[in-house]
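Protein chains in written order, with the numbering used here: chain A, 3 to 128; chain B, 232 to 489; chain C, 187 to 486. Have a look at the structure below before the remarks.
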């Protein structure tokens, strides 16, 4: 999903990096395809170009993007898999833990959650 | 852009800023000095007579000298604030503004001097020369020109010097007052205008009561010398120099006061 | 990176009022700086001092590596559009732009005309006929078109409606993207412009109390909210600096200095204490509060 509104709770440049990662993940951006430039990102989100550049630089450091001098930034080969692995690691801390905490607040038994998940999987969607 | 170019840019701006008001003034002057009397002459018979080359006339126009002097004084005073603020907004230093103001003043004074002689020629052309003696008529500005009455113009150079120095002094005077008004605000402005407005009262009084002051005034206005006009011209140039220095003092590191 | 502006121990007083108290500052070239401060904090005084429109009692100013006071060569590389009106009321907009083109060495007239169209500013109008918003727009047009090495805006969006303000921010970003240069923007509208700035300079009562990237400033504090008793216990145990607090019933929301110790963070979930970020504007309000506690000593 492309968010035009940025959250106030996390660093802007991290969100920029995440946006690009999301696009790669969902294959809205393919490998060896050119990524929107710093200036385009800055214009879209109405932020300082240096901030956008920082987000992109982060992805370059992680190897998710590579730079072609004079042309721009491109999606690295294997970026999709790389992001998948990274996100999977984060998944449990980011989504599941808060869910469990909230369940505890509402006195929902973990078994109820398991049952729910099983029934959803059983319906054929995954 | 070198600093010199900057000075010229400022000067060009200041000249442009004063150009239209000068045209308007000239238009009104021509109308008042020639248009109206011409109209009167056409509609009435023999109402106004003037003397061409009267015994006390200068080659240039006395009327224009006085009208122009008033205009330059008022214009110099009124125009300063706007010009200074605008040039400040355009990232100009006080030094360049000061230099430009001086250049413009000299240029405008020179221009007015030239026009003054042109107007004199017009006066002769239309038989409407106004001599010093006519200005000297009771009820007019007698106090200031009385000593000049009776003196012939010695030379063209003297007259040019006098007219130029007069315009220069008066224009500078207005600007100097404006500079200090800008710097010091209301307390200066009020004091200045009170002093200036009442000067026509207390200056003659001082001339009458103080012998020393009377002698100085007579000397300044060239009394007792041969080359009156040149003398007065030089005296006015000295006054101009003083005003130039004063303006410099006033404009030195002048903070913005929009 | 080069220092475009260096100020050392700059002080300025108006009579008995100390507008700037021995302020020292160093700005790098090529960044968009936000200059923030409450009314009377000294922002406009600082900007006037930098541009030799005002003179300091003591201290030094260096622009582009040279002494900055009354330095025409340095000053012509700066375009400073102040909040106050400095334009002749009877002058038409296009005349003002024409003059600006002759005074600013890098002025782009075509760009200025394009901006006038974009902001719907009629060049035929006389300056006195402009509403407050359009006066601001004119200053924005000149400031952006000047392409000066250092461009300063003092309250650039005064009187502009929301659409106009948004257009300004977008135009600024686009222009800066194409021609990176140094901007100093002094503004009261912090929340909407915080993302535009790279660094923020915060003044309080004539002194510099913070200068850092906006990102770092945002990380300096967080809001903890939850049960008042648990919060108070946590705060005292970890000796957290509390900037402000709001209490309601059994609950409390406390703004504390970040970062929190790792152990403290770990305890938050079990104690059912929520974490929330603090916007730059909120941080600004806290920092510039007339009396701020220990936090002020931690800052910069």
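We put the beta carbon where it would ideally sit given N, CA and C, even for glycine. Computed from a prediction, not measured in an experiment: that's the story for all the values here.
- In this structure, the beta-carbon distance from residue 256 of chain B to residue 295 of chain B does not fall below 8 Å.
- Assigned with DSSP and collapsed to three states, residue 419 of chain C falls in helix.
- In this structure, residue 262 of chain C lies away from residue 52 of chain A, with their beta-carbon atoms at least 8 Å apart.
- Residue-level contact by beta carbon fails for residue 305 of chain C and chain A, as no gap is shorter than 8 Å.
- Of all residues in the stretch 439 to 452 of chain C, none is placed with a Cβ closer than 7 Å to any Cβ belonging to chain B.
- With three or more CB-CB distances shorter than 8 Å, the stretch 372 to 381 of chain C counts as touching the stretch 337 to 354 of chain C.
- Taken in chain order, the whole alpha helix (DSSP H) runs of length 4 or more contained in the stretch 287 to 369 of chain C are 295 to 304, 318 to 331, 348 to 364.
- Neighbours of residue 401 of chain C across chain A, judged by C-beta separation under 9 Å: 13, 14, 15, 53, 56.
- Residue 392 of chain B is a Cβ neighbour of residue 464 of chain B, given a cutoff of 8 Å.
- Non-local beta-carbon contacts of residue 467 of chain C in its own chain, meaning distances under 6 Å to residues more than five positions away in sequence, involve 376, 377 in chain order.
- Within its own chain, the residues whose Cβ lies closer than 7 Å to the Cβ of residue 395 of chain B, once the five positions on either side in sequence are excluded, are 340, 341, 344, listed in chain order.
- Taking 8 Å as the CB threshold, residue 313 of chain B lines the interface with chain C.
- Look at residue 241 of chain C: its C-beta is under 8 Å from a C-beta on chain B.
- Residue 23 of chain A sits buried, since 16 or more C-beta atoms from the chains shown fall within 10 Å of its C-beta.
- For residue 433 of chain C, the beta-bridge partners assigned by DSSP are C:438.
- Here residue 439 of chain B is exposed: its Cβ has fewer than 16 other Cβ atoms, across all protein chains shown, within 10 Å.
- Distance between residue 394 of chain C and residue 209 of chain C, taken at the CA atoms: about 6 Å.
- Taking a C-beta distance under 8 Å as the contact criterion, residue 324 of chain B and residue 238 of chain C qualify as a contact pair.
- When DSSP reads this structure, residue 18 of chain A sits in no beta bridge, so it has no partner.
- For residue 200 of chain C, DSSP records a beta bridge to C:203.
- Fewer than three Cβ pairs drawn from the stretch 101 to 117 of chain A and the stretch 82 to 92 of chain A lie within less than 8 Å of each other, which leaves the two stretches out of contact.
- In the three-state reduction of the DSSP assignment, residue 463 of chain B falls in the helix class.
- DSSP places residue 277 of chain C outside any alpha helix (DSSP H), giving it a letter other than H or E.
- Under DSSP, residue 212 of chain C shares a beta bridge with C:192.
- Under DSSP, residue 252 of chain C forms a beta bridge with C:249.
- Between the alpha carbons of residue 347 of chain B and residue 248 of chain C lies a gap of roughly 50 Å.
- Around the beta carbon of residue 328 of chain B, 16 or more other beta carbons lie within 10 angstroms, which makes this residue buried.
- Per DSSP, the beta bridge partners of residue 266 of chain C are C:338.
- Chain-ordered listing is empty here: chain B has no CB closer than 7 Å to the CB of residue 197 of chain C, the nearest sitting near 15 Å.
- The three-state reading of DSSP puts residue 75 of chain A in strand, counting E and B together.
- With its beta carbon at least 8 Å from every one in chain A, residue 299 of chain C lies outside the interface.
- By the neighbour-count criterion, in which a residue is buried when 16 or more other Cβ atoms sit within 10 angstroms of its Cβ, residue 315 of chain B is buried.
- Listed by position along chain C, the residues whose Cβ is nearer than 8 Å to that of residue 489 of chain B are 268, 270, 271, 272.
- Within the stretch 379 to 390 of chain C, contact with chain A at the beta-carbon level (separation under 7 Å) is assigned to 381, 382, 383, 384.
- Taking residue 33 of chain A as reference, the option from A:8, A:78, A:20, A:14 with the minimal CA-CA separation is A:78.
- Per DSSP, the unbroken alpha helix (DSSP H) holding residue 379 of chain C starts and ends at 376 to 379.
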